[in-house]
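S.K.:
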């Protein structure tokens with residue numbers, strides 16, 4: 106049997122990390138985040154698969170695919186879909202794969218509309234405001250959950 110993998114989902118506009126509002130989101134690029142996560146997973150014997158889309162339907166389809174591709178844990182930064190996507194929420198609920206919600210900025214210290222999430226009540230945990238490091242902390246938790254001690 107193939108070992109469980111970790112799926113990392115990045116929502117809309119995260120492809121612009123490093124250039125989009127660096128005072129809010131930092132200077133680390135999405136490619137750098139993904140590279141760090143894949144190396145950390147590899148060092149622990151777990152495959153980390155990263156997927157980014159600006160399309161809600163692509164993200165929903167990728168979550169559905171996770172049911173059958175040995176995904177044991179999901180790390181998701183829904184980005185703007187945090188506050189709007191019932192479809193992505195329903196997909197995560199339907200596949201019943203545990204997940205952590207990650208946000209680069211502290212959504213609770215931003216505009217009022219950013220303070221609510223359609224995902225937090227379903228998530229195993231939420232990491233917000235720790236920049237790119239939040240993804241790595243989420244992966245350490247996921248590896249521990251899957252039995253691959255960090």
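Residue numbers (the numbering used here): 106 to 255.
Where a beta carbon is used, it is the ideal one built from N, C-alpha and C, also for glycine.
For residue 235 and residue 177, what's the separation of their Cα atoms in angstroms?
M.R.: Counting from 1 along the chain shown, the entry for residue 235 is found at position 130. Counting from 1 along the chain shown, the entry for residue 177 is found at position 72. For residue 235 and residue 177, the distance between alpha carbons rounds to 24 Å.
S.K.: Please classify residue 175: does DSSP put it in a helix, a strand, or coil?
M.R.: What you label residue 175 is simply residue 70 of the chain shown in a count that begins at 1. Looking at residue 175 - three-state DSSP - the assignment turns out to be coil, as it is neither helix nor strand.
S.K.: Please specify which runs of the beta strand (DSSP E), each continuous and at least 3 residues long, are wholly inside the segment 110-157, giving them in chain order.
M.R.: With a minimum length of 3 residues, the continuous beta strand (DSSP E) runs that stay inside the segment 110-157 are 110-115 and 153-157.
S.K.: Return yes when the Cβ of residue 115 is within less than 8 Å of the Cβ of residue 156, no when it is not.
M.R.: Your numbering for residue 156 matches position 51 in the chain shown. Your numbering for residue 115 matches position 10 in the chain shown. Result yes, Cβ atoms of residue 156 and residue 115 sit closer than 8 Å.
S.K.: When the Cβ atoms of the segment 231-245 are set against those of the segment 203-210, are three or more pairs found closer than 8 Å?
M.R.: With a cut-off of 8 Å, the segment 203-210 and the segment 231-245 count as touching, because enough Cβ pairs lie within range.
S.K.: Please give the ranges of any alpha helix (DSSP H) in the segment 168-234, keeping only runs that are unbroken, at least 4 residues long and fully inside the region.
M.R.: Listed in chain order, they are 191-200.
S.K.: When you compare each of 129, 199 and 147 to residue 170 by their alpha carbons, which one comes out closest?
M.R.: Within the chain shown, numbered from 1, the residue matching residue 170 stands at position 65. Ranking 129, 199 and 147 by Cα distance to residue 170 puts 199 first.
S.K.: Around the C-beta of residue 248, are 16 or more other C-beta atoms found within 10 angstroms, so that it is buried, or is it exposed?
M.R.: Looking up residue 248 in the chain shown gives position 143. Label assigned to residue 248: buried.
S.K.: Kindly indicate the opening and closing residues of the alpha helix (DSSP H) around residue 243.
M.R.: As a working mapping, residue 243 is identified with position 138 in the chain shown. Where residue 243 is concerned, the enclosing alpha helix (DSSP H) stretches over 238-250.
S.K.: Using the Cβ count rule (16 or more neighbours within 10 Å means buried), how would you classify residue 153?
M.R.: Position 48 of the chain shown holds residue 153. Residue 153 is buried by the Cβ-count criterion.
S.K.: Does the segment 158-170 come within contact of the segment 123-131, defined as at least 3 CB pairs closer than 8 Å?
M.R.: With the cut-off at 8 Å, the segment 158-170 and the segment 123-131 do not touch.
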